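S.K.: Provided herewith is a single structure, encoded as structure tokens, for subsequent inquiry.
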Amino acid sequence: MKRTTFGIVVILVVAAAVAGYLVELALVTSGGHAFAPPLSLPITLTAIAIVIVALAVPVRRSVTGKKKDRLDPFYAVRVAVLAKSSSLTGALLTGLGAGIIAHTLSLPILNGDLLGRGVAQTVGAALLLTAGLVAERMCTLPPDTSEPGAPPEPTAGGSHV
């Protein structure tokens with residue numbers, strides 16, 4: 689699995705921003721109310737971001753050798769997949785929040801509550817995006833420095849894996 693690239697993040701943010709703006713525009717022009725993200729959304733996104741980084745810390749300690757206990761490889765893979773999905777979801781929600789902000793700023797009468805909720809969602813989603821990218825980085829193995837074709841280094845028990 690490869691880490692999330694900058695290009696994918698930018699594409700997702702821009703696509704979601706355009707989609708968010710157009711959905712807001714369609715809702716308002718059809719006579720409906722603009723979508724207002726709930727106030728609990730940025731709090732939840734921030735909490736998820738904290739949990740993701742906390743889950744990646746044991747993986748990082750195992751990768752850097754600071755932890756001598758063997759780490760369950762399935763745990764490491766699950767954390768890496770969670771980190772990748774969080775970074776992609778954070779990018780989409782950041783773009784959606786940016787689209788809501790852009791639409792709110794284009795209205796003739798500024799709705800402060802809607803603008804505040806859009807900014808809060810964008811900040812929470814950006815935190816989720818950042819935490820996902822940091823956790824992905826924490827789950828990355830260092831480059832292999834051994835020679836190609838050389839036998840693997842012995843483990844603590846003296847046997848080869």
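For the numbering used here, add 688 to where a residue sits in the sequence shown, where the first one is 1. Note that CB positions come from ideal geometry on N, CA and C, so glycine has one too. It should be emphasised that the depicted structure is a prediction, and the values quoted were computed from it without experimental measurement.
Does DSSP put Arg691 in a helix, a strand or coil?
M.R.: It is coil, neither helix nor strand.
S.K.: Mapping DSSP to helix, strand and coil, what is Lys754?
M.R.: Lys754 falls in the coil class under three-state DSSP.
S.K.: To which residues of the same chain is Arg691 closer than 6 Å at the C-beta, ignoring the five residues directly before and after it?
M.R.: Hits under 6 Å: Glu824.
S.K.: Can you have a look at Val765 and say buried or exposed, based on whether 16 or more other CB atoms are within 10 angstroms of its CB?
M.R.: Exposed, because fewer than 16 other Cβ atoms sit within 10 Å of the Cβ of Val765.
S.K.: Let me know if Val769 comes out buried or exposed under the rule of 16 or more other beta-carbons within 10 Å of its beta-carbon.
M.R.: Per the 10 Å Cβ criterion, exposed.
S.K.: My understanding is that Leu816 touches Leu733, with C-beta atoms under 8 Å, so please give their C-beta distance in whole angstroms.
M.R.: Contact flag correct, Cβ pair sits at about 5 Å.
S.K.: Specify, as a first and last residue, the run of the alpha helix (DSSP H) that Thr782 falls within.
M.R.: It spans 761–794 - the alpha helix (DSSP H) in which Thr782 sits, taken as one unbroken run.
S.K.: Can you name, in chain order, every residue of its own chain whose Cβ lies under 6 Å from the Cβ of Arg749, other than the five neighbours on each side?
M.R.: Within the same chain, Arg749 has close Cβ partners Lys755.
S.K.: Looking at the secondary structure, which residues open and close the alpha helix (DSSP H) in which Leu727 lies?
M.R.: Taken as a continuous stretch (DSSP letters only), Leu727 belongs to no alpha helix (DSSP H), as it is neither H nor E.
S.K.: Take the Cβ of Gly709 as the centre, count every other Cβ of all protein chains shown within 10 Å, and call the residue buried at 16 or more, exposed below.
M.R.: Note that residue 709 corresponds to Tyr in the displayed sequence, not to Gly. By the 10 Å Cβ count, Tyr709 comes out buried.
S.K.: Whole angstroms are fine: how far does the CA of Lys772 sit from the CA of Gly800?
M.R.: Each residue's Cα considered, the two are about 34 Å apart.
S.K.: Taking the alpha helix (DSSP H) that Thr810 belongs to, which residues open and close that run?
M.R.: Note, Thr810: alpha helix (DSSP H), 800–826.
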